[in-house]
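Numbering (full-length UniProt numbering), first residue to last: 1 to 201.
Here a beta-carbon is modelled for each residue, glycine too, at the ideal position from N, C-alpha and C.
All values derive from a computational prediction rather than experimental measurement.
A short worksheet on the structure shown next.
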Amino acid sequence: MIAYLSGRFQSRNGNSLVITVNGVGYLVHVSTATLGSLAELGQEIELVIQTIVKEDAITLYGFRTDDEREVFQLLTSVQGIGPSAALSILSLGSCADIVGALASEDENYFAKANRVGKKTAGRLVVELKAKAAVLARGIGYAAGSSGSTLERDAQNAMRKLGFGNGEIAQRFVVVREQGPLPESVSEVVAMLLRVPAPRVG
1 MIAYLSGRFQ SRNGNSLVIT VNGVGYLVHV STATLGSLAE LGQEIELVIQ
51 TIVKEDAITL YGFRTDDERE VFQLLTSVQG IGPSAALSIL SLGSCADIVG
101 ALASEDENYF AKANRVGKKT AGRLVVELKA KAAVLARGIG YAAGSSGSTL
151 ERDAQNAMRK LGFGNGEIAQ RFVVVREQGP LPESVSEVVA MLLRVPAPRV
201 G
């Protein structure tokens with residue numbers, strides 16, 4: 001199974017691309033978000049890969065991080081969510097956004113994705129909401145490996161107050177929806193503390 005590819009960004013067509021590795025071109029399907037984050041054509045790129053094997057085809061799906069692949073695998077475990085629908089959901093926002101939507105049981109968030117109707121969105125939330133906190137603890141965002149210095153400092157302050165990485169990530173999702181963050185750590189922390197505790201399970 002192919003789990004990772006590093007090579008030249010050869011071409012793109014819609015939400016698919018070709019990456020050339022040692023003279024061999026691999027067709028990889030990606031989300032809109034992943035495609036928009038890649039370098040220009042002709043540049044070197046790296047993708048985490050999920051290989052799906054069927055009787056008549058071997059299909060590759062590409063992601064920027066292991067976290068995105070994990071979310072993809074989780075989404076496709078739900079009946080009615082195929083690979084294309086999962087990529088559409090990943091195009092809506094970050095892994096933290098998806099975790100926050102699960103934790104808050106926001107069916108409308110998932111229903112906005114192509115190939116995902118209201119009924120399927122409801123099933124997705126019911127089946128996966130209990131896993132939201134576990135997933136949040138695992139994503140790099142929750143660990144503070146991304147985001148501005150202000151955000152990292154606010155995350156560290158919340159940890160000192162006894163909050164776990166998963167809950168911090170979910171609270172940041174809610175705060176970002178309210179608009180731009182304040183310019184001081186204390187104000188950001190105050191906003192995070194005002195967010196109601198997420199419901200899980």
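By the 16-neighbour rule on beta-carbons within 10 angstroms, I98 is buried.
Inside the UniProt region "Domain I" (1-64), DSSP marks whole beta strand (DSSP E) runs of 3 or more residues at positions 4-13, 16-21, 24-29, 44-54, 57-63, from first to last along the chain. With respect to the 8 Å criterion, Y26 and L41 are not classified as neighbours on the basis of their beta carbons.
Under a 10 Å Cβ-count criterion, N108 is classified as exposed, with fewer than 16 other Cβ atoms of the shown protein chains found around its own Cβ.
The residues L5, S16, L17, V18, I19, L47, I49, L60, Y61, G62, in chain order, have a CB closer than 8 Å to that of V28 in the same chain once the five nearest residues on each side in sequence are set aside. The criterion of a C-beta distance shorter than 8 Å is not satisfied by P180 and M191.
By alpha-carbon distance to L135, the top candidate from D153, A121, G100 is G100. DSSP places V99 within a helical segment (H, G or I) once states are collapsed to three.
DSSP places P83 in the helix class (H, G or I) of the three-state scheme. Counting along the chain, the unbroken alpha helix (DSSP H) around S186 starts and ends at 185-194. Out of E127, G14, V21, G122, the CA that lies nearest to the CA of G7 is found in V21. Of the candidates A197, L75, D66, L75 places its Cα closest to the Cα of V125.
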